[in-house]
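In the working numbering, the protein residues as written are 27 to 128.
Here it is, written out as structure tokens:
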């Protein structure tokens, strides 16, 4: 099963809003989804993006692939940067060699 994180359109005509959902990649855009992890309102100004960062990280850790638009929203929310820094810190901590005192 290919799990995707993508947008699901809601809202009225000419006033779009989207839910950020985790879905089986074979399902249609308006089909059933596994979990809703946030909302995006393009015309919402500063409150345009509302995201559960811990759930987004959980699904990314378990192999979910974000769509291009959701990837840019995750970048804007700082989720991808936090994941990158955590991965880099783990790599650097594993490569660190203790200095022997003379």
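Glycine included, each C-beta is placed from N, C-alpha and C at the ideal position.
Span of the beta strand (DSSP E) around residue i
i: residue 34; result: 29–38
i: residue 42; result: 41–50
Simplified DSSP assignment, three categories, for residue i
i: residue 76; result: strand
Residue environment, residue i, which counts as buried when at least 16 other CB atoms sit within 10 Å
i: residue 114; result: exposed
i: residue 32; result: buried
i: residue 82; result: buried
CB of residue i within 8 Å of CB of residue j, strictly
i: residue 47; j: residue 85; result: no
i: residue 45; j: residue 91; result: no
i: residue 55; j: residue 34; result: yes
i: residue 60; j: residue 66; result: no
Heavy atom of the ligand PLP within 7 Å of residue i beta-carbon
i: residue 110; result: What this structure holds is no ligand at all, so the ligand PLP is not there to describe.
Q: Write down every uninterrupted run of the alpha helix (DSSP H) in the stretch 57–125 whose length is 4 residues or greater and which is fully enclosed by it, in chain order.
A: Annotation note: the stretch 57–125 contains the following uninterrupted alpha helix (DSSP H) runs of length 4 or greater, listed N- to C-terminal: 79–87, 94–103 and 105–121.
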